[in-house]
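See below for the structure under consideration.
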Amino acid sequence: MAVMLDWHCKGQGSDLVLIHGWGMNGAVWQDVIPALAEHFTVHWCDLPGYGYSGDVTVESLVEITQAVLARAPQKAAWLGWSLGGLVATQAALLAPERVTQLVTLASSPSFMAREEWRGIKPDVLRNFQSQLASDFNLTVDRFLALQAMGSPTARQDIKNLKQAVLERPTPQPSALALGLTLLETVDQRAELSSLTQPWLRMYGRLDGLVPVKTEAAITELCPQSLSYVFQSASHAPFISHPDEFIAAVRQFISEDAVVS
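Counting in full-length UniProt numbering, the sequence shown runs from 1 upward without gaps.
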């Protein structure tokens, strides 16, 4: 990696790292950062190949995570949305001493549907992969529509997501392709028992990409973790229900800090 990731920081208090999802960039957090920054020192970046980190190239989930760890705070709570949840979980596994709390939002240790495991159907990801090379804008439009599907504010959610994506340079095709490959192939379920951090899993009940029924399945795999379900949200609760999202994150991190 010739260059470092593009990072931003705002606020005061304990450190909180935000990790965006596939096809997005750090600007996707723009509407919740001001409120979070009243309680935390918020750090956010563009992942390798996205936005202002377009010159950073990686080839695996571990390399993505190492690139983020290179400039992340030495100790922080990590919150990853969607594909970013895989990165945050990988960071907790690779460098447990640096991840004080783990929050995964609309994420799954295995996004792909597998035997006796709910997830994205293989043909959905294959369609994204085949469309990606020929029409990036169309592919992202469809992905955004899936992310907001079911939300009562879906039209506005999609508009906000598109605006965030367009604020920064277009993602590199290689980064988008790698992201889809990771969504298809990564399966962290066997490693969850190794997590030592307090872990909050957040789901949208109407999510079409991460079925809410995976909540119970992961509770069986990692019973010490906590879960929270946004009853009216889809795949992007922090956009459709920002106040509820911020309140849940604040409560988890502050209560855990008191217990610790």
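Cβ atoms here follow ideal geometry from the backbone N, Cα and C, with glycine treated the same way.
Being a predicted model, the structure only gives us computed values, none of them experimental.
Local conformation of residue i per DSSP, three classes
i, result
"residue 90", "helix"
"residue 273", "Given that the chain is displayed from residue 1 to residue 260, the structure contains no residue 273 and the question cannot be resolved."
"residue 40", "strand"
"residue 10", "strand"
"residue 51", "helix"
"residue 29", "helix"
"residue 140", "helix"
"residue 15", "strand"
"residue 236", "coil"
"residue 189", "helix"
"residue 250", "helix"
Boundaries of the alpha helix (DSSP H) in which residue i is found, first to last residue
i, result
"residue 65", "61 to 69"
"residue 33", "33 to 36"
"residue 218", "214 to 221"
"residue 126", "122 to 132"
"residue 205", "Premise fails: residue 205 is in no alpha helix (DSSP H) and is neither H nor E."
"residue 80", "Where residue 80 is concerned, there is no enclosing alpha helix (DSSP H), although the beta strand (DSSP E) it sits in stretches over 76 to 81."
"residue 163", "154 to 166"
The beta strand (DSSP E) enclosing residue i, as first and last residue numbers
i, result
"residue 101", "99 to 105"
Same chain only: Cβ atoms within 7 Å of residue i, ignoring 5 sequence neighbours per side
i, result
"residue 67", "1, 5, 48, 56 and 58"
"residue 75", "15, 98 and 100"
"residue 171", "23, 49 and 50"
"residue 194", "93"
"residue 39", "13 and 250"
"residue 231", "205"
"residue 85", "104, 105 and 107"
"residue 191", "93"
Residue i versus residue j - alpha carbon distance
i, j, result
"residue 154", "residue 21", "18 Å"
"residue 204", "residue 79", "15 Å"
"residue 146", "residue 209", "7 Å"
"residue 36", "residue 246", "7 Å"
"residue 249", "residue 130", "37 Å"
"residue 89", "residue 141", "27 Å"
"residue 163", "residue 9", "21 Å"
"residue 267", "residue 214", "Outside the displayed range of the chain (1 to 260) lies residue 267, so it cannot be described from this structure."
"residue 41", "residue 17", "9 Å"
"residue 158", "residue 180", "20 Å"
"residue 161", "residue 233", "15 Å"
"residue 119", "residue 30", "28 Å"
"residue 241", "residue 60", "32 Å"
"residue 198", "residue 226", "8 Å"
"residue 212", "residue 229", "8 Å"
"residue 34", "residue 243", "12 Å"
Residues of its chain near residue i, where Cβ-Cβ distance is below 8 Å and the 5 sequence neighbours each way are ignored
i, result
"residue 174", "49 and 57"
"residue 168", "25, 26, 27, 46, 50, 51 and 52"
"residue 128", "139, 142, 143 and 180"
"residue 122", "112, 113 and 184"
"residue 69", "91, 94, 95 and 98"
Beta-carbon contacts of residue i that lie in its chain and below 6 Å, excluding the five residues immediately before and after
i, result
"residue 82", "21, 106 and 107"
"residue 206", "150 and 234"
"residue 87", "19, 64, 65 and 80"
"residue 196", "96"
"residue 11", "37, 40, 41 and 42"
Cβ-Cβ separation, residue j to residue i (assumed contact under 8 Å), whole Å
i, j, result
"residue 238", "residue 103", "Going by Cβ atoms, the distance from residue 238 to residue 103 rounds to 11 Å, so no, they are not a contact pair."
"residue 176", "residue 132", "6 Å"
"residue 183", "residue 125", "6 Å"
"residue 77", "residue 43", "With 8 Å as the limit, residue 77 and residue 43 do not qualify as a contact, their Cβ atoms being about 10 Å apart."
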